[in-house]
Amino acid sequence: MNTVITIGRQFGSAGREIGEMVAEYFGIKCYDKELLTRAAKESGFCEEMIQNHDERPTNSFLYNLVMDTYSFGYNASSFVDMPISHKVFLAQFDTIKKIASEGPCVIVGRCADYALAEKENVVNLFIYADEKVKVKRVMERYHLSETKAQDMIIKKDKQRQSYYNYYSSKKWGRADSYDLCINSSVLGEEGTVKLITQYVEDFEKKSK
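The sequence shown runs contiguously to residue 211 in our numbering.
Okay, here's the thing in structure tokens:
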């Protein structure tokens, strides 16, 4: 096993749980919130600050400037002047690359597919689900009414979409941004995991 699996997901699609089950199947680590903790430790940022900026976009600064800073290495003066959300993004970007270079793993969200665009051994997935399934799942998990659950899904997905579209050159949730998009309501969590593991195993055979 040598593959890094990245998972983009709609809120309420069970993308994180599916990621954890896939990681368990292959006996590898799954990074989600842990990624933030590690980014915080390694970059010296306060963890709370990183969580506040997690998967939230900013329009206070041009994306290109960040990418220029990123591609030419940190220029001390421009890094100092950079908004905190950009510093957090760069810290996560670095952490994702580092984690992926350490070996196979599953990384959920956080533009991981974009951060690892240069790597060959990566499979990029997007998990979505039918509206009613997502609403039911969110209602149960967060003990919310149907309306509140719907509002939460819209808000979270908007955040994820604008974060991804802002920092990445691709479009969140669009089929051509990923290798495989799966509706987890069709096969359920276990069936989706089975489909993904089969896909990754075949990808590994083909890569050899």
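Glycine residues also receive a C-beta, built at the ideal position from the N, C-alpha and C atoms.
Within a 10 Å sphere around the beta-carbon of Met4 sit fewer than 16 other beta-carbons, which makes this residue exposed. Between the alpha carbons of Ala94 and Ser180 lies a distance of about 23 Å. Of the candidates Ile21, Lys101, Lys139, Lys139 places its Cα closest to the Cα of Asp154. Three or more Cβ pairs closer than 8 Å define a contact, and the stretch 141 to 152 falls short of that threshold against the stretch 25 to 36. The C-alpha of Tyr202 lies about 17 Å from the C-alpha of Asp116. For the pair Met85 and Phe92, the Cα-to-Cα distance works out to about 11 Å. A straight line joining the alpha-carbon of Asp160 with that of Glu123 spans about 28 Å. Excluding its 5 nearest sequence neighbours in each direction, Gly11 has C-beta neighbours in its own chain below 6 Å: Phe129, listed in chain order.
Spatial neighbours of Glu45 in its own chain (CB-CB distance under 8 Å, excluding positions within 5 residues in sequence) are listed in chain order as Ala94, Asp97, Thr98, Lys101. Nearest in C-alpha terms to Lys197, of all of Gly15, Gly22, Val7, is Gly22.
The beta carbon of Phe14 is closer than 6 Å to those of Ile156, Lys159, Asp160 in its chain, skipping five residues each way along the sequence. Secondary structure at Arg140: helix, using DSSP grouped into helix, strand and coil. By DSSP's assignment, Val109 forms a beta bridge with Ile8, Cys33. A residue is called buried when at least 16 other Cβ atoms come within 10 angstroms of its Cβ; Leu119 meets this threshold and is buried.
The C-beta distance from Thr6 to Val111 rounds to 15 Å, too long to fall under 8 Å, and the pair is not in contact. Of the candidates Gln162, His146, Gly191, His89, Gly191 places its Cα closest to the Cα of Tyr131. For Phe129, the enclosing beta strand (DSSP E) stretches over residues 125 to 131. Per DSSP, the beta-bridge partners of Asn186 are Tyr131. Look at Gly47 here: in three-state DSSP terms it is coil, with no helix or strand label.
With 16 or more other Cβ atoms inside 10 Å of its own Cβ, Ser187 counts as buried.
Here Ser88 is buried. Its C-beta has 16 or more other C-beta atoms within 10 Å.
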